[in-house]
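Trainee: Residue numbers for the sequence shown follow numbering that gives the first Met the number 0, beginning at 0 and rising by one. We treat Cβ as the ideally placed atom computed from N, Cα and C, and that holds for glycine. Being a predicted model, the structure only gives us computed values, none of them experimental. Once you've had a glance at the structure underneath, I'll fire off some questions.
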Amino acid sequence: MPHPWRFSAALIWLALISFHGAALAEPVPSPKVVFVIVDGIPADVIERVPTPAIDAIAEAGGYTRAAMGGPIGASGETPTISAPGYMSLITGTWANKHNVYKNYGISPDYRYWNLFRLVSAEKPELRLAIFSTWTDNRTILLGEGLAEAGNWRFDVVVDGFEDDESRFPPRPMDAQIADIDDAVSREAGKLIESKGPDLSWVYLQYTDDVAHKYGDSVEFEQAVIEMDERLHAIWSGVQARQRVHEEDWLVIVTTDHGRDAVTGRTHGGQSERERTIWMATNSQRLTPDFYATPEIVDIYPSIASHLGISIPEQVARHLDGASFIK
Ligand SMILES: [Zn+2]
Numbered sequence: 000m001p002h003p004w005r006f007s008a009a010l011i012w013l014a015l016i017s018f019h020g021a022a023l024a025e026p027v028p029s030p031k032v033v034f035v036i037v038d039g040i041p042a043d044v045i046e047r048v049p050t051p052a053i054d055a056i057a058e059a060g061g062y063t064r065a066a067m068g069g070p071i072g073a074s075g076e077t078p079t080i081s082a083p084g085y086m087s088l089i090t091g092t093w094a095n096k097h098n099v100y101k102n103y104g105i106s107p108d109y110r111y112w113n114l115f116r117l118v119s120a121e122k123p124e125l126r127l128a129i130f131s132t133w134t135d136n137r138t139i140l141l142g143e144g145l146a147e148a149g150n151w152r153f154d155v156v157v158d159g160f161e162d163d164e165s166r167f168p169p170r171p172m173d174a175q176i177a178d179i180d181d182a183v184s185r186e187a188g189k190l191i192e193s194k195g196p197d198l199s200w201v202y203l204q205y206t207d208d209v210a211h212k213y214g215d216s217v218e219f220e221q222a223v224i225e226m227d228e229r230l231h232a233i234w235s236g237v238q239a240r241q242r243v244h245e246e247d248w249l250v251i252v253t254t255d256h257g258r259d260a261v262t263g264r265t266h267g268g269q270s271e272r273e274r275t276i277w278m279a280t281n282s283q284r285l286t287p288d289f290y291a292t293p294e295i296v297d298i299y300p301s302i303a304s305h306l307g308i309s310i311p312e313q314v315a316r317h318l319d320g321a322s323f324i325k
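Written out as structure tokens, the structure reads:
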């Protein structure tokens, strides 16, 4: 009979070898996420206008029509306005919880943890990035650095260009915002490729500006085509990154609201076209729920699922959405 110590040591050694062997055979790729909000593009427009970058992303995963606005006539009803939409995405809750009903003069209720706070609490080693035309997304909606919002910080910040008039001087039709969207998407693509942040938010604004001025028009459709070219820079960055790193990238592209059916100039109400948004993603782990009109609040738990984060009970019990990613 072998010495008991030797026997168990041999077993441990064997277990170590087989564990190591398995790890070598099947390395687990690190999950990474980039979600992109492109402002104010109704589903019928994104489906009509040629958008090869969105098509390429959806080809890898899926495309679906989706809903914004919450339950009509109930306490969660949320205006189809930009900041309320971003808040519903980043907190997974409707406006009766996150308390953002308009774009300015707002007091977000930070008790409903946004995605970045969730990630920094549950996986503090992950790196967070934001690429945005609008600085308020970081400083006000997310409450970066605020004690009452959890006092977390981004590792990469690319925003603030709207205040940089020397680099982006005002142009007719606010076209400097298009220049800023260009810079934001180029930087996002480059930084994703070189640094691979674990969770990134990219926000592109110009499509909404054009639609407010021209409504449904060739100008708006042209702005959507140019948005898609910017998206191509981000998608190319992800693909280049994935070719050389053992990483599993989730890309989700969506919009924050539709537009009125008569002119396409306005939004904010609960009409079908204002509520009908869309999502495109490269995820290969979509559940049937993805094709059953998911809501903007479903993105939060889906991203958590991709990152392998189990949402703590005190956060999960407030969520208004459910994951469409296995
Ligand atoms: Zn908007």
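Only counting the same chain, and skipping five residues up and downstream in sequence, which positions put a Cβ closer than 6 Å to that of Trp12?
Mentor: In this prediction, Trp12 has a pLDDT of 46, which is less than 50 and means its spatial position is unreliable; what the coordinates show is noted afterwards. No residues qualify anywhere along the chain.
Trainee: What residue from Thr253, Asp43, Arg110 and Thr265 has the CA that sits closest to Gln313's CA?
Mentor: Among Thr253, Asp43, Arg110 and Thr265, the Cα nearest to that of Gln313 belongs to Arg110.
Trainee: By alpha-carbon positions, which one of Ile224, Leu88 and Ile105 ends up nearest to Pro49?
Mentor: When each option's Cα is compared against that of Pro49, the closest is Ile224.
Trainee: Please report the residue range of the beta strand (DSSP E) in which Phe167 lies.
Mentor: No beta strand (DSSP E) contains Phe167, which DSSP labels as neither H nor E.
Trainee: Between the C-alpha atoms of His305 and Lys31, what's the straight-line distance to the nearest angstrom?
Mentor: When rounded, the distance between both Cα atoms is 8 Å.
Trainee: Just verifying my parser: in three-state terms, what is the DSSP assignment at Gly263?
Mentor: Three-state DSSP puts Gly263 in coil, outside helix and strand.
Trainee: Is His97 near ligand 1, judged by its Cβ being under 7 Å from some heavy atom?
Mentor: His97: no, Cβ never under 7 Å from ligand 1.
Trainee: If distances are taken between C-alpha atoms only, which option among Ser309, Pro311 and Pro293 comes closest to Gly320?
Mentor: Of Ser309, Pro311 and Pro293, the residue nearest in Cα terms is Pro293.
Trainee: Hey, would you say the C-beta of Pro208 is under 7 Å away from at least one heavy atom of ligand 1?
Mentor: First, the residue type needs correcting, since residue 208 is Asp and not Pro in the sequence shown. Every heavy atom of ligand 1 is 7 Å or more from the Cβ of Asp208, so no.
Trainee: Are the segment 161-176 and the segment 203-214 touching, with three or more C-beta to C-beta distances below 8 Å?
Mentor: Result yes; three or more Cβ-Cβ pairs closer than 8 Å.
Trainee: Can Glu246 and Pro26 be called in contact, C-beta distance under 8 Å?
Mentor: Contact: no.
Trainee: Which ranges would you report for the beta strand (DSSP E) in the segment 63-133 if only whole runs of at least 3 residues count?
Mentor: You should have 127-131.
Trainee: Tell me which residue opens and which closes the alpha helix (DSSP H) that Ala222 is part of.
Mentor: That run of the alpha helix (DSSP H) goes Val217 to Val243.
Trainee: Taking buried to mean at least 16 other C-beta atoms within 10 Å of its own C-beta, is Ile71 buried or exposed?
Mentor: Per the 10 Å Cβ criterion, exposed.
Trainee: From Arg47, Ala42 and Phe34, pick the residue whose C-alpha is nearest to that of Val217; which is it?
Mentor: Here the closest residue by C-alpha is Arg47.
Trainee: Taking Asn281 as the reference, give the member of Met86, Gly60, Ile105 and Gly195 with the closest Cα.
Mentor: Checking every option, the nearest Cα to that of Asn281 belongs to Gly60.
Trainee: Figure out for me which residue from Leu190, Ser199 and Gly68 has the closest Cα to the Cα of Asn95.
Mentor: Here the closest residue by C-alpha is Gly68.
Trainee: Please classify Leu140: does DSSP put it in a helix, a strand, or coil?
Mentor: Correct three-state label for Leu140: helix.
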